[in-house]
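K.L.:
Mapping to full-length UniProt numbering: the sequence shown position 88 is 88, numbers consecutive. All C-beta atoms in this analysis are idealised placements derived from N, C-alpha and C, irrespective of residue type, glycine included. Quick one: the structure is below, questions incoming.
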Amino acid sequence: MYRIQRGGGLLTHFRRYRNLSAMTLRTINAKDAASLDRDLMNEGGFSLDQLMELAGLSVSQAVYRVHPPSKGRNVLVACGPGNNGTEFELDCFEYSISRS
1 MYRIQRGGGL LTHFRRYRNL SAMTLRTINA KDAASLDRDL MNEGGFSLDQ
51 LMELAGLSVS QAVYRVHPPS KGRNVLVACG PGNNGTEFEL DCFEYSISRS
């Protein structure tokens, strides 16, 4: 369940997404992802920049859990044209970043 807090209270509007869990790998289709983004920006008051930063943090945390940084191990992150925040977050987890 998403636990989104704003102004001290839990936003119950997002209960329809309660089947999404941070502990299990789940995917949603593009239509549902767009709907979730709209809800988070409209009802939740999040900006697009905040959502992108949270997405980057989520990806970097998942990578860290599965492949913690260690000598001789590489992680490939394939993503779009940028502005997703993932490389910054991976750098914070002490991965060596190289772009190609």
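#1: To the nearest angstrom, report how far apart VAL63 and LEU40 are at their CA atoms.
#2: Measure the CB-CB distance between HIS67 and VAL75 and report whether it falls below 7 Å.
#3: Provide the residue span of the alpha helix (DSSP H) that contains GLU53, from first to last.
#4: Note the first and the last residue of the continuous alpha helix (DSSP H) segment covering LEU40.
P.N.:
Reading from the atomic positions:
#1: 24 Å
#2: yes
#3: 48-66
#4: 30-42
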